[in-house]
Amino acid sequence: MSDAQNSPPGGREVLASDDIRRGLKRIAHEILEANKGPEGLVLLGIPTRGVPLARRLAEVIQEVEGADVPTGSLDITMYRDDLRSQPTRPVERMELPVEGIDDKVVVLVDDVLYSGRTIRAALDALTDLGRPRAVRLAVLVDRGHRDLPIRADHVGKNLPTSRTERVLVRLGDLDGVEGVWIQ
Numbered sequence: 016m017s018d019a020q021n022s023p024p025g026g027r028e029v030l031a032s033d034d035i036r037r038g039l040k041r042i043a044h045e046i047l048e049a050n051k052g053p054e055g056l057v058l059l060g061i062p063t064r065g066v067p068l069a070r071r072l073a074e075v076i077q078e079v080e081g082a083d084v085p086t087g088s089l090d091i092t093m094y095r096d097d098l099r100s101q102p103t104r105p106v107e108r109m110e111l112p113v114e115g116i117d118d119k120v121v122v123l124v125d126d127v128l129y130s131g132r133t134i135r136a137a138l139d140a141l142t143d144l145g146r147p148r149a150v151r152l153a154v155l156v157d158r159g160h161r162d163l164p165i166r167a168d169h170v171g172k173n174l175p176t177s178r179t180e181r182v183l184v185r186l187g188d189l190d191g192v193e194g195v196w197i198q
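Quick note, the working numbering runs 15 ahead of the 1-based positions in the sequence shown.
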């Protein structure tokens with residue numbers, strides 16, 4: 016990684032690495048409480064940063080409950096409603112647990128919830144893959160400004176922002192630096 020990737024992106028830091036860790040622990044406990052344990056859970060991260068967040072949640076659940084929760088990644092590229100207006104996106108890798116998602120409680124995991132359009136695309140993708148018993152949403156940051164009637168079930172941090180601000184999440188696994196910034 017270049018030094019630019021390893022340095023903070025600038026702006027005002029709103030979550031440090033320890034804050035992210037605590038938020039994920041809280042989310043994991045909320046997921047377990049809502050599900051009454053780890054049975055039947057599947058965590059699907061939305062690329063890019065939702066995937067390592069889903070894995071971290073699974074690690075916390077493993078520490079707390081001693082149970083392995085299947086994780087995977089859900090590519091939503093072809094389900095996005097902005098394909099005509101955005102530059103071409105590469106199709107991401109999709110990894111589903113071998114058990115599938117039928118009759119499971121699927122928790123979609125993403126870094127930032129903003130307009131709700133990414134989650135709408137994820138719900139469309141899920142319907143092509145199977146029929147979960149329930150779908151929940153866990154996000155590290157909820158910044159408001161929905162275009163669609165979608166809300167997160169589990170939130171690490173509610174972060175009121177203006178539409179002109181950007182929320183940048185960086186994770187050590189991918190970016191070499193960890194935190195959340197507002198620019």
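For glycine and all other residues, C-beta sits at the position ideal for the given N, C-alpha and C.
(1) Report the option in 71, 135 and 188 whose CA atom is closest to the CA atom of residue 167.
(2) Considering only the alpha carbon of each residue, which of 69, 52, 93 and 95 lies closest to residue 81?
(3) Put residue 44 into one of helix, strand or coil per three-state DSSP.
(4) Let's see if you can read the secondary structure: which residues bound the beta strand (DSSP E) around residue 151?
(5) Which residues mark the beginning and the end of the alpha helix (DSSP H) in which residue 80 is found?
(6) Assuming the contact rule is C-beta atoms closer than 8 Å, residue 150 and residue 170 should be a hit. Round their C-beta distance to whole Å, please.
(7) Quick check on the burial criterion: 16 or more other C-beta atoms within 10 angstroms. Buried or exposed for residue 193?
(8) I'd like to check one pair, residue 84 with residue 91: are the Cβ atoms closer than 8 Å?
(9) Extract the residue ranges of the alpha helix (DSSP H) inside the stretch 90-135, only unbroken runs of 4 or more that lie entirely within it.
(10) For residue 112, which residues from the same chain have a beta carbon less than 6 Å from its beta carbon, with the 5 sequence-adjacent residues on both sides left out?
(11) Quick check: residue 59 and residue 124, are their CB atoms within less than 8 Å of each other?
(12) Using a 10 Å radius around the Cβ and a threshold of 16 neighbouring Cβ atoms, would you call residue 25 buried or exposed?
(13) Quick one: is residue 121 buried, meaning 16 or more other Cβ sit within 10 Å of its Cβ, or exposed?
(14) How should residue 187 be labelled, buried or exposed, when 16 other C-beta atoms within 10 angstroms of its C-beta is the threshold for buried?
(15) Of the choices 38, 93, 157 and 45, whose alpha-carbon is the least far from that of residue 143?
(16) Excluding sequence positions up to five away, which residues of its chain have a Cβ less than 7 Å from the Cβ of residue 184?
(17) Whose CA, out of 96, 40, 106 and 95, lies closest to the CA of residue 74?
Reading from the atomic positions:
(1) As a position in the sequence shown, residue 167 is number 152, starting the count at 1. Residue 135 is the option with its Cα nearest to residue 167.
(2) Here residue 81 corresponds to residue number 66 of the sequence shown, with the count starting at 1. Cα-wise, what sits closest to residue 81 is 52.
(3) Mapped onto the sequence shown, residue 44 falls at position 29. It is helical.
(4) Taking the sequence shown and counting its residues from 1, the one referred to as residue 151 is at position 136. Taken as a continuous stretch (DSSP letters only), the beta strand (DSSP E) holding residue 151 covers 149-157.
(5) Within the sequence shown, residue 80 is the residue found at index 65, counting from 1. It spans 65-80 - the alpha helix (DSSP H) in which residue 80 sits, taken as one unbroken run.
(6) Reading the sequence shown from its first residue, position 135 is the one you call residue 150. Reading the sequence shown from its first residue, position 155 is the one you call residue 170. Not a contact, Cβ separation roughly 16 Å.
(7) Counting from one through the sequence shown, the residue named residue 193 turns up at place 178. Label assigned to residue 193: buried.
(8) The sequence position of residue 91 within the sequence shown is 76, counting from 1. The sequence position of residue 84 within the sequence shown is 69, counting from 1. Not in contact: residue 91 and residue 84 (Cβ atoms no closer than 8 Å).
(9) none
(10) Start at 1 with the first residue of the sequence shown, and residue 112 comes out as number 97. Taken in chain order, the residues that qualify are 57, 85 and 87.
(11) Taking the first residue of the sequence shown as 1, we reach residue 59 at position 44. Taking the first residue of the sequence shown as 1, we reach residue 124 at position 109. Against a cut-off of 8 Å, the Cβ pair of residue 124 and residue 59 comes out as a contact.
(12) Position 10 of the sequence shown, counted from the first residue, corresponds to residue 25. With fewer than 16 other Cβ atoms within 10 Å, it is exposed.
(13) Within the sequence shown, residue 121 is the residue found at index 106, counting from 1. Flag for residue 121 reads buried.
(14) Reading the sequence shown from its first residue, position 172 is the one you call residue 187. Its Cβ having fewer than 16 others within 10 Å, residue 187 is exposed.
(15) Here residue 143 refers to the residue found at position 128 of the sequence shown. The candidate whose alpha carbon is nearest that of residue 143 is 93.
(16) Stepping through the sequence shown from its first residue, residue 184 is reached at position 169. Closer than 7 Å at the Cβ level, and outside the excluded window around residue 184, lie 64, 126, 127, 155, 156 and 195.
(17) As a working mapping, residue 74 is identified with position 59 in the sequence shown. Here the closest residue by C-alpha is 40.
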